[in-house]
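Worksheet for the structure shown next.
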Amino acid sequence: MEFIAQHPVLVASLVKIVVLLVILMTILAYLSWFERKIIAHIQSRWGPYYVGAHGLLQPLADGIKFLFKEDLTPPASDKLLYILAPFLALTLAMTTLALIPFGPATVSIFGHQTHLVVANVDIGLLFLFAITSLGVYGVALAGWSSNSKYSLLGGLRSSAQMISYEVSLTLSVVGVLLLAGTFNFNELVTSQQGYYFHFIPRWRIGPQFIGFLCYFTAAIAETNRAPFDLPEGEQELVGGFHTEYSSFKFAMFFMAEYANMVTVSCLATILFLGGWLSPFPERWTFMQYLPAVSLLALAVYLAYDTAVNMRGIARFQLAVVTVLAGGLGFLCLLPGVMPVIQGPFWFTFKMGLLLFFYVWTRSTLPRLRYDQLMSFGWKLLLPVSLLNLVMTALYVIFPLLVKRG
Amino acid sequence: MSLPFILFFVFAFFAVVGAILLIVAREPIHSALALIMVMVALAALYLLLGAEFVAAVQIIVYAGAIMVLFVFVIMLLNAGVEERTNWSKLAKYAGLPLGVFLLFELTHWIARSAVGKSIANGSEATNAAVSTRALSEMLFRKYLFPFEATSILILIAILGALVLAKRDE
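Going down the list, the protein sequences come from chains C and F.
Start counting the first sequence at 198; every next residue gets the next number (the numbering used here).
Start counting the second sequence at 23; every next residue gets the next number (the numbering used here).
This is the structure:
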């Protein structure tokens, strides 16, 4: 007890980690529902439909299925690495989220001043890149340890792809760093405050639009998502690096992929889209009600849907969701909660937009060929992001040179 | 016991175990992984010393880039399990005692040196945090010439590797 009393930071961090983990797990589970539903609707299908109203209980059913399936380990595999690989992939993918600030530097919750981030590290961005650069091992080791040709080829492809696109990913971010002059996530966001002509937000996506395009393209390749999902190209490689994995180990790779998507979207939000900053000028104080109003509007729509379209048990399930959305909406109206919720609301909104973009590309574009992928990465994306870096450096250095004469 | 003190021993333990595994392991890929473990543990030790930038760069460059290439090559060539040889007599009777002697000698002199004493006395002299900004000012102001000279050296090495690889065509 004395040890805990001496280190109050440890307790606060532990509480934050637990809260973040619960929220993250829910988001990861429902991201699969979100993705399947949107792809289905884009392709004129229904998507998950039977488990729960609108298939809302599908993630739960999937989770139970993963848990109760037989956990096969190929007899000729390297047992230690075979088990280590999914743990490595998932742990590294989730660790990065500890660095992401979801709201302003100081907010008061129950009269307690705190940060909406688990660890406010001075070199946040570098630290994040350090952790994500280790992520390739999970995939490479999974491919190697399964002792299967498909897995090995998938793992090799994936490590080559990740090394190639990591260069462009990092270079496209340096432009933002040059303009902001810091590695700290909080400062990176606060440096984007202010408005052009009093109403257009001064986000980095304006001056760094090319950087944003390069970053997001490289990020899609880095997270092995369509149209760059060659490591698991079903037609050639069965399932890629996770061909031999079953049961919950497979689910862990699945979750790691979604966690990486979330991280990459969070990073794009912080670097280019102004993080938790609201897109509306501060003098529009009525915009404070937007989180509450949007949740209540959702509740009204859901109530209509429950009453008109649902029958039997689905009606009960959707009614529960309606009450949840409405309750959250009223909670956002409380004077203690309203200022705290602004940052996380806008952050989640921007992140959700980017995640939608991810799913949109997946349902629209065909997969690239492997040589196309490599030549695109090295011969187009890398030069463009380098050019962007050089232009930004010149823009930053030019005023200094003029001043010196 | 303070928290950094405990953390130091945890990561030092990981670094030493990793180093031993690196030598003992027979699968090349296990050796490579053990080396990554050493590097990550070292990075954590750098963090404890307040050298954040060096810690991050240690992981990004060594564990994240160079070792990925190692693992990649091992996987690509499908390197087999290492064969064990019997120890040569020279290694058994001269090498092993000499190695142990060297270890004790090094420990002894480091413990008696000024750096060792300051650490043992718990003085904060070695724990001065170096901010990334201060580090970059040093690199790009005071030591600009050596820094640029090193980068040109590395560029020449890359060009040399390319020339050697392209010779056949």
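Built from N, CA and C at the ideal position, the CB exists for glycine as well.
Assigned secondary structure, residue i (DSSP; H/G/I helix, E/B strand, else coil)
| i | result |
| --- | --- |
| C:Thr379 | coil |
| C:Tyr392 | strand |
| C:Tyr455 | helix |
| C:Pro283 | helix |
| C:Pro541 | helix |
| C:Thr270 | coil |
| C:Thr619 | With chain C covering 198 to 602 only, the question about residue 619 of chain C has no answer from this structure. |
| F:Leu177 | helix |
| C:Thr311 | strand |
| C:Pro536 | helix |
| F:Ala147 | Note that F:Ala147 scores 46 on pLDDT, short of 50, meaning its location in the model is unreliable and no value can be drawn from it. |
| C:Leu207 | helix |
| C:Pro596 | helix |
| F:Ile28 | helix |
| C:Ile397 | strand |
| C:Met291 | helix |
| F:Gly102 | coil |
| C:Asp275 | coil |
| F:Thr107 | coil |
| F:Ala187 | helix |
| C:Glu441 | coil |
| C:Gly471 | coil |
| C:Gln405 | coil |
| F:Ala87 | helix |
| C:Tyr412 | helix |
| C:Val587 | helix |
| C:Met449 | helix |
| C:Gln240 | coil |
| C:Asp426 | coil |
| C:Asn158 | For chain C, the structure presents residues 198 to 602; residue 158 of chain C sits outside this window and is missing. |
| C:Ile220 | helix |
| C:Ser462 | helix |
| C:Trp481 | coil |
Test item: CB-CB of residue i and residue j under 9 angstroms
| i | j | result |
| --- | --- | --- |
| C:Phe382 | C:Val314 | yes |
| C:Ala226 | C:Asp259 | yes |
| C:Ser348 | C:Phe447 | no |
| C:Cys463 | C:Leu331 | no |
| C:Leu253 | C:Leu515 | yes |
| F:Val79 | C:Tyr334 | no |
| C:Leu139 | C:Leu322 | Residue 139 of chain C cannot be examined here, being either before or after the span of chain C that is shown, 198 to 602. |
| C:Leu468 | C:Val373 | yes |
| C:Leu287 | C:Val459 | no |
| C:Arg354 | C:Arg559 | no |
| C:Gly472 | C:Lys576 | no |
| F:Ile81 | F:Val62 | yes |
| C:Ser343 | C:Pro271 | yes |
| F:Gly40 | F:Ala56 | yes |
| C:Thr319 | F:Thr129 | The identity of residue 319 of chain C in the sequence shown is Asp, whereas the question assumes Thr. Contact flag unset, no. |
| C:Leu251 | C:Lys234 | Sequence inspection shows His at residue 251 of chain C; the Leu mentioned does not correspond to that position. Closer than 9 angstroms, so yes. |
| F:Ser86 | C:Glu232 | One point to set straight first is that residue 86 of chain F is Gly, not Ser, in the sequence displayed. No, Cβ-Cβ distance for F:Gly86 and C:Glu232 is not below 9 angstroms. |
| C:Ala453 | C:Pro283 | yes |
| F:Leu43 | F:Met59 | yes |
| C:Ser345 | C:Glu441 | yes |
| C:Pro424 | C:Leu578 | no |
Heavy atom of the ligand SAM within 8 angstroms of residue i beta-carbon
| i | result |
| --- | --- |
| F:Phe36 | For the structure depicted, the ligand SAM is absent and the ligand set is empty, with no information on it obtainable. |
Segment contact, 8 angstroms Cβ cut-off, at least three pairs: the segment 551-561 of chain C with the segment 523-538 of chain C:
Here the segment 551-561 of chain C does not lie against the segment 523-538 of chain C, with fewer than 3 beta-carbon pairs under 8 angstroms apart.
Between the segment 578-592 of chain C and the segment 355-368 of chain C, can you find at least three pairs of beta-carbon atoms closer than 8 angstroms?
These segments touch.
Which complete beta strand (DSSP E) runs does the segment 40-81 of chain F hold, if anything under 3 residues is left out?
Entirely contained in the segment 40-81 of chain F, not one beta strand (DSSP E) run reaches 3 residues.
Taking Cβ-Cβ distances below 9 angstroms as the criterion, which residues of the segment 334-353 of chain C are in contact with chain F?
Across the segment 334-353 of chain C, CB contacts with chain F closer than 9 angstroms involve Tyr334, Ala337, Leu338, Gly340, Trp341, Ser342, Leu349, Gly352, Leu353, in sequence order along the chain.
Could you say if the segment 535-545 of chain C and the segment 398-407 of chain C meet the contact criterion of at least three C-beta pairs nearer than 8 angstroms?
These segments do not touch.
Using a beta-carbon distance cut-off of less than 7 angstroms, what residues from the segment 460-490 of chain C approach chain F?
Only those residues of the segment 460-490 of chain C whose C-beta falls short of 7 angstroms from the nearest C-beta of chain F would be listed, and there are none.
Counting only runs that start and end within the segment 310-362 of chain C, where is the alpha helix (DSSP H) found for 4 or more residues in a row?
Correct list: 321-331, 333-342.
Take every Cβ of the segment 388-400 of chain C, pair it with every Cβ of the segment 565-581 of chain C, and state whether three or more of those distances are shorter than 8 angstroms.
Output reads no: the segment 565-581 of chain C does not touch the segment 388-400 of chain C.
Continuous alpha helix (DSSP H) assignments of at least 4 residues falling wholly in the segment 112-137 of chain F:
Within the segment 112-137 of chain F, the complete alpha helix (DSSP H) runs of at least 4 residues are 118-134.
Please list the residues of the segment 54-73 of chain F that have a C-beta atom closer than 9 angstroms to any C-beta atom in chain C, keeping them in chain order.
Residues of the segment 54-73 of chain F whose Cβ lies closer than 9 angstroms to any Cβ of chain C, in chain order: Leu55, Ile58, Val62, Ala65.
Contact set between the segment 92-106 of chain F and chain C, restricted to residues whose Cβ is under 7 angstroms from the partner:
Against chain C - using a Cβ distance shorter than 7 angstroms - the residues of the segment 92-106 of chain F are Val93, Phe94, Met97, Leu98.
Residue ranges of each alpha helix (DSSP H) run of no fewer than 4 residues wholly in the segment 546-583 of chain C, ordered along the chain?
Within the segment 546-583 of chain C, the complete alpha helix (DSSP H) runs of at least 4 residues are 567-572.
Name the residues in the segment 362-387 of chain C whose C-beta lies less than 7 angstroms from a C-beta of chain F; which are they?
Within the segment 362-387 of chain C, the residues whose Cβ lies closer than 7 angstroms to some Cβ of chain F are Phe380, listed in chain order.
Along the segment 537-569 of chain C, what residues have a CB closer than 9 angstroms to any CB found in chain F?
Hits within the stretch: zero.
Cβ-based contacts, 7 angstroms cut-off: residues of the segment 311-332 of chain C near chain F
Listed by position along the chain: Asp319, Ile320, Leu323, Phe324, Phe326, Ala327, Ser330, Leu331.
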